[in-house]
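So the sequence lines, in the order shown, correspond to chains H and W.
171 is the number that full-length UniProt numbering gives to position 171 of the first sequence; each next residue is one higher, with no gaps.
106 is the number that full-length UniProt numbering gives to position 106 of the second sequence; each next residue is one higher, with no gaps.
C-beta atoms are modelled at their ideal positions from N, C-alpha and C, and glycine is treated no differently.
The structure displayed is predicted, hence computed values, not measured ones.
Report on the following structure.
There are 2 protein chains.
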Amino acid sequence: MTASADDSTAPAGSGADPSGARERILSAAFVLFQESGYEGTSVNRIARAAGMTPAAIYWHFPSKQDVLAAMLTQMYERSYAELKGSVRPDAPAVERLGDYVRAYVRIQLESVGERRNHSYSALASSLTDESQRELGRLSRPYIGLMREILRQGIDEGDFDIDDVSVTSYAISTMCEYVFTWFRRGGRLSIEQAADKHLELVLRMVNAKRPAS
Amino acid sequence: MTASADDSTAPAGSGADPSGARERILSAAFVLFQESGYEGTSVNRIARAAGMTPAAIYWHFPSKQDVLAAMLTQMYERSYAELKGSVRPDAPAVERLGDYVRAYVRIQLESVGERRNHSYSALASSLTDESQRELGRLSRPYIGLMREILRQGIDEGDFDIDDVSVTSYAISTMCEYVFTWFRRGGRLSIEQAADKHLELVLRMVNAKRPAS
């Protein structure tokens, strides 16, 4: 292992992980925490799955809580980057809303493995209040982008919305928690579930024309 | 304490709790598990909050997991009874949908205390697979009643719905997880949040007339 002391405090995504050890730890933690929860996942088990010793984990993270916080931070940042990258910046709002809803449902459902028993928000409840507030800040861009699209649609005369804030939250909630009822291998593919959510969302904003 | 040995196996809501001890344990567990999570709540703490000894808890429940399972079972049964009691049995579907959505949002938001950090579904993930399946069975009547109302509205010619199953789940999810973003003391009262959800839901089913 060639990790330097700097690694132990490098923020997720900073790239200062020459050995790839930090990334391996977070990948193992991502699977295990979702399968077994925070209390049900020991540092020993994360170490075994990452192919290293428990001492090597503590070289990179002061505590199991720091592993969880870094894993959730990375997940929120990567998912938001994927979502934002899916939404065309210069298209009409109805198209951008379609991009957003399809991508968000897809992101939520593609990460549902056989054993995703513990949602991100359930896991986050094991963090300190301060860490939870930091994660809360990372979730703001999601709702901010939705609000921006809804306001654009009103300005363009294509959406008719009574309360942009409540409508943004209602749409986001419906898409974020789709994993609580969707079953892989059931009647609908992920793409079909995404399309059906978009149809409902277009009704919620009273869209004057369909998304293509 | 006058509890008999029968109490220890009495199902929640069976009424076989002459001393009220079982009810006191479940009330204390209801608050503490939501505040501090399953791992963060000891049997000692539940005992202290219920005003009894840890040994008395174990007289009623074989383990902390059994306390959690009984607490969640009671919560699901009581909430469903309240929901069902709020929906007029013989009214047009548009009215019944209004009853359902308003009651469901109210039930979710009224139980949000200052410190509801752990949702029911997050807590349920600490149960055995078998107990989780049993709880899953208790959540089916919620979606069953929603489906029944939507089909009634189609039959009455008042709703236009592409996929009753997805629409039922989407509406339920939006209402069930409203507590993740609603803040007490914010811009909206619980009644206003419920009304705004109903407006969105009536759009989702393309209702031909408003709920009164």
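Just to confirm the assignment, what range does the alpha helix (DSSP H) spanning residue i have?
i	result
V87 (chain W)	No alpha helix (DSSP H) holds V87 (chain W); DSSP gives it neither H nor E.
K208 (chain W)	K208 (chain W) -> no alpha helix (DSSP H), and no H or E assigned at all.
P54 (chain H)	54–60
F33 (chain H)	21–36
S139 (chain W)	129–155
L200 (chain W)	190–204
T173 (chain H)	164–176
S121 (chain H)	120–124
I161 (chain H)	Note, I161 (chain H): premise wrong, no alpha helix (DSSP H); not H, not E.
E110 (chain W)	93–110
R48 (chain H)	43–50
Please decide whether residue i counts as near chain H, where near means a Cβ-Cβ distance under 8 Å.
i	result
N44 (chain W)	no
V178 (chain W)	yes
A12 (chain W)	Low per-residue confidence applies at A12 (chain W): pLDDT is 45, beneath 50, and the placement is therefore not dependable enough to give any value.
T173 (chain W)	yes
S63 (chain W)	no
W181 (chain W)	yes
M146 (chain W)	no
M204 (chain W)	yes
K208 (chain W)	no
A122 (chain W)	yes
What whole-angstrom Cβ distance do residue i and residue j have, given they're in contact under 8 Å?
i	j	result
I107 (chain W)	S79 (chain W)	5 Å
L198 (chain W)	G85 (chain W)	Incorrect: roughly 18 Å between the Cβ atoms, too far for contact.
A122 (chain H)	A122 (chain W)	3 Å
L145 (chain W)	F159 (chain W)	15 Å between Cβ atoms; not a contact.
L109 (chain W)	F179 (chain W)	6 Å
Y177 (chain H)	T173 (chain W)	5 Å
A124 (chain W)	L72 (chain W)	6 Å
Based on Cα-Cα distance, which residue from the options lies nearest to residue i?
i	options	result
K64 (chain W)	W:L83, W:M52, W:S111, W:Y38	W:Y38
M204 (chain W)	H:A170, H:G186, H:V164	H:A170
E35 (chain W)	W:E130, W:Y120, W:G144	W:Y120
A29 (chain H)	H:P18, H:S19, H:P54	H:P54
V164 (chain H)	H:F33, H:M174, H:I143	H:I143
L135 (chain W)	W:V31, W:R22, W:Q74	W:Q74
C175 (chain W)	W:L188, W:R102, W:H118	W:R102
residue 215 (chain W)	W:G153, W:I57, W:T41	For chain W, the structure presents residues 1 to 212; residue 215 (chain W) sits outside this window and is missing.
Return no unless some Cβ of chain W is closer than 8 Å to the Cβ of residue i.
i	result
G37 (chain H)	yes
T53 (chain H)	no
L72 (chain H)	no
A69 (chain H)	no
Selection of the stretch 149–169 of chain H by Cβ proximity to chain W, strictly under 9 Å: D162, D163, S165, V166, T167, Y169
Chain W contacts from the stretch 188–200 of chain H (Cβ-Cβ distance under 8 Å): L188, A193, K196, H197, E199, L200
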